[in-house]
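In my numbering, the protein residues as written are 22 to 393. Beta carbons are placed, not taken as given, at the ideal position from N, Cα and C, and that holds for glycine. Just so you know, these numbers come straight off a predicted model, no measurement behind them. Data first, discussion second: the structure below is written as structure tokens.
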């Protein structure tokens, strides 16, 4: 039946070793066709383990599970004909070309040679790799490798696509392109589960399942996740004090759930709106203004904020007291590999106690600058 869930999970538990390590703890959810479902959580939350259990690569310890109507442990062959799984480090053969990798995965997926040309043409156009068919996979950028991995996962059109943190190590432009491609797959009727530790990506999902230590602590839309934080997120603007020192002090207080420095301001999540009045009185020269809650705010609130009446950042070491002086100075820094300029005429100064960001797409010269 078309209304049957693509994934049905009931009381799913997975333990490793002699049962002392619980990776998944009594998970239950159904997933229907339509939209992107995000598995969200920090490292070690159970995201990869859950995807591997769904794909039939790991056996469950207990619980009921159906994926595309099949039990992964009993009907693996039937399931794999309808499911594709793209792990964090997809198994591309770097000494093979783009086209050779596609042919290899077509062989593994038993796609007949008479159907390959049309399928490959569609996938190469879809991923933007049509002009790179003769390039070795090892010579592709990180974003292009992920696109090739996605294409290899789709040589046979699946009903369900499982993506394990596909945007790790990918520049922002390629991340956008990956999301565009995945949204198109959803429009084409493919169910998609996308695991991520990037909270800005979670906001792009239609539904999120938030995992913490193997448990589901939220299941719903990103908008629903942030609802409890209405009137509890604020910007503290115009401080006359050291922002780091003020933040260090605020994070020790029960009424402060979380806080981060944003430019010249502090972004704060409070336990309740009433706490904002005393905070505004404490810093008369500054302005406390309400701001829209983000998924990240709600995530921190659920993982260790209001419930524990303390921020998880309290355990961070004390900040260093500021000392003036430039610790790194670059003037017209240049590095060439043959005729290729990996970095050219880069000048900057970094002072003690300053966080200096190098931002750019893959191949922009960030790593080369670091190495110099």
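When you compare each of the options to residue i by their alpha carbons, which one comes out closest?
i           : options               : result
residue 202 : 171, 108, 379 and 152 : 171
residue 34  : 25, 320, 50 and 24    : 50
residue 393 : 380, 222 and 357      : 357
residue 213 : 187, 382 and 258      : 187
residue 253 : 306, 278, 52 and 30   : 278
residue 25  : 235, 302 and 180      : 180
residue 79  : 93, 58 and 366        : 93
residue 107 : 185, 386 and 368      : 185
residue 11  : 239, 391 and 385      : It is not possible to answer for residue 11, since the shown part of the chain is limited to 22 through 393.
residue 110 : 129, 135, 151 and 164 : 164
residue 116 : 158, 368, 151 and 220 : 158
residue 31  : 86, 200 and 124       : 86
residue 400 : 388, 152, 323 and 370 : Look at the range of the chain in this structure, 22 to 393, and you will see that residue 400 is not part of it.
residue 387 : 95, 192, 36 and 64    : 192
residue 244 : 368, 76 and 318       : 318
Straight-line CA distance for residue i to residue j?
i           : j           : result
residue 329 : residue 275 : Annotation note: pLDDT 46 at residue 329 (below 50); position unreliable, coordinate value reported separately. Residue 329 and residue 275: Cα-Cα distance of roughly 9 Å.
residue 155 : residue 142 : 14 Å
residue 139 : residue 314 : 46 Å
residue 372 : residue 265 : 16 Å
residue 250 : residue 69  : 29 Å
residue 304 : residue 353 : 43 Å
residue 196 : residue 302 : 43 Å
residue 183 : residue 306 : 51 Å
residue 168 : residue 205 : 14 Å
residue 287 : residue 43  : 37 Å
residue 350 : residue 321 : 37 Å
residue 178 : residue 130 : 10 Å
residue 84  : residue 284 : 48 Å
residue 90  : residue 137 : 28 Å
residue 260 : residue 300 : 12 Å
residue 298 : residue 221 : 30 Å
residue 190 : residue 375 : 24 Å
residue 98  : residue 120 : 26 Å
residue 161 : residue 379 : 22 Å
residue 280 : residue 355 : 38 Å
residue 381 : residue 118 : 27 Å
residue 64  : residue 135 : 43 Å
residue 408 : residue 128 : Because the chain spans 22 through 393 in this model, residue 408 falls outside it and cannot be assessed.
residue 39  : residue 125 : 38 Å
residue 36  : residue 246 : 28 Å
residue 289 : residue 270 : 12 Å
residue 308 : residue 256 : 8 Å
residue 200 : residue 77  : 25 Å
residue 366 : residue 391 : 15 Å
residue 95  : residue 282 : 51 Å
residue 218 : residue 198 : 18 Å
residue 325 : residue 41  : 24 Å
residue 236 : residue 312 : 30 Å
What whole-angstrom Cβ distance do residue i and residue j have, given they're in contact under 8 Å?
i           : j           : result
residue 210 : residue 54  : 7 Å
residue 122 : residue 132 : That pair is no contact at about 13 Å.
residue 81  : residue 74  : 5 Å
residue 233 : residue 62  : 6 Å
residue 59  : residue 229 : 4 Å
When the distance is taken between beta carbons, is residue j closer than 8 Å to residue i?
i           : j           : result
residue 316 : residue 224 : yes
residue 216 : residue 72  : yes
residue 28  : residue 48  : no
residue 258 : residue 310 : yes
residue 56  : residue 208 : no
Give a single yes or no on whether residue i has its beta carbon closer than 7 Å to a heavy atom of the ligand PLP.
i           : result
residue 254 : This structure does not include the ligand PLP; it has no bound ligands of any sort.
Closer than 8 Å is the cut-off here; do at least three beta carbon pairs connect the region 94-103 with the region 143-158?
Contact between the region 94-103 and the region 143-158 is absent, because fewer than three Cβ pairs lie under 8 Å.
Count the C-beta pairs between the region 344-359 and the region 289-299 that are closer than 8 Å, then say yes if the count reaches three, no if not.
no
Below 8 Å, can you find three or more Cβ-Cβ pairs linking the region 352-367 to the region 173-181?
No, the region 352-367 is not in contact with the region 173-181.
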